[in-house]
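Since the structure comes first, as structure tokens, the remarks are kept for the end.
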Amino acid sequence: MDQMNDIEKAALEALASVSTEDALASVATEESLQAWKTAHLGRSSPLMQVFAGLGKLSKEEKPIVGQAANRVKVALEAALEERTKAIKAAALAKSLEEEQLDVTLPGRPAPRGRLHPSTMQLRRVLDILAEMGFQVYTSREVETDEMNFQMLNFPPHHPAREMQDSFYVETEGRGDNPILLRTHTSPGQIRAMREYAATNPQNPPPIRIALPGMCYRYEQITARSEIQFNQVEGLAVGEGITLADLKGTLTDFARRMFGQGARVRFRADHFPFTEPSAEMDVECFVCGGVGCSVCKRSGWLEILGCGMVHPTVLMNGG
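According to my numbering, the sequence shown holds residues 1075 to 1392 in order.
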């Protein structure tokens, strides 16, 4: 019986030696390592067969064989763990070599927010006007009555000059020239024309400017109107400019803004600072001209007022 135990112990130790030193050394991937584990530590492995047969041994044989089997199991598991670490380390080293990363490069900036839709459309309008040769001219938002109304040919009785329709911020001691928040960007026309005229009073250069900015009107707040709003105004002054040039420029702008297939129309209107004056509509891009709640069932959307600069305004501009 002792001789039999010695043989079994020697066989188990030989199994451990072969498994760990020969077979395990040739394992190079995690998949093959898993296959090795199944073959040598799985339920059907020779080692597990030894454990399964312990119940058939005598009381004297069982502890001897069991202890030997445990030593083999511990040795196999230790070798498996060591080989697992080696394979993972080799895989990491290979990955670092193939996917080199310069940690000194700046990271990708995280977005901090989005532009307001009004800002996006304002920039788009100005980009289109820039492509058409207009330069941006910014003017003040706090204006005098003279620049906001008088120089633009507004008569004294015009409704826009009523206290309840405009935001007057300083009236005491100002007489007929109080301070107010501008109701439109048009005062910038006078200031721009005077600046251009000052460069060469005898022969002022032609003007092509776009005047963007905030405007303020004392109105009821609805889905279509607010007391504060953005406005963009274009001004072109030069010899030989006609109403046909105005219509062509605005039609081109509308097609760049709303698409080449956009339909537009002009309707006669009146503004104190232009003569002749017109309103420009674009075919409703929601209903395609059929009529909806957005266009008030008309099939058209009013987008701007226009006209030839009034002679009085030209004179006031220098």
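C-beta atoms are modelled at their ideal positions from N, C-alpha and C, and glycine is treated no differently.
Could you spell out the range, first to last residue, of the alpha helix (DSSP H) harbouring Thr1348? That residue, Thr1348, is in no alpha helix (DSSP H); its beta strand (DSSP E) goes Thr1348 to Glu1357.
From Thr1257, Asp1343, Ser1100 and Pro1137, residue whose alpha carbon lies closest to that of Gln1305: Thr1257
For the beta strand (DSSP E) containing Met1382, name the first residue and the last one. Trp1374 to Val1383
What does Ala1310 pair with, by DSSP beta-bridge criteria? Arg1282
For Ala1336 versus Leu1200, is the C-beta distance shorter than 8 Å? no
Verify whether the separation of the beta carbon atoms of Asn1227 and Val1383 is less than 8 Å. no
Is it true that the CB of Leu1115 sits closer than 8 Å to the CB of Leu1121? yes
Tell me which same chain residues have a C-beta within less than 8 Å of the C-beta of Leu1098, skipping the five on either side of it? Trp1110, Ala1153, Leu1154 and Arg1157
Give me the DSSP bridge partner(s) of His1216. Checking the sequence shown, residue 1216 turns out to be Val, not His. BP columns for Val1216 point to Leu1255.
Between Glu1134 and the rest of its own chain, which residues show a CB-CB distance below 6 Å, the 5 nearest in sequence each way excluded? none
Who are the Cβ neighbours of Ala1271 in its own chain at under 8 Å, not counting the five residues just before and after it? Pro1278, Gly1391 and Gly1392
What residue from Lys1147, Glu1173, Gly1287 and Val1311 has the CA that sits closest to Thr1212's CA? Gly1287
Which residue comes first and which comes last in the alpha helix (DSSP H) that contains Asp1319? Leu1317 to Phe1332
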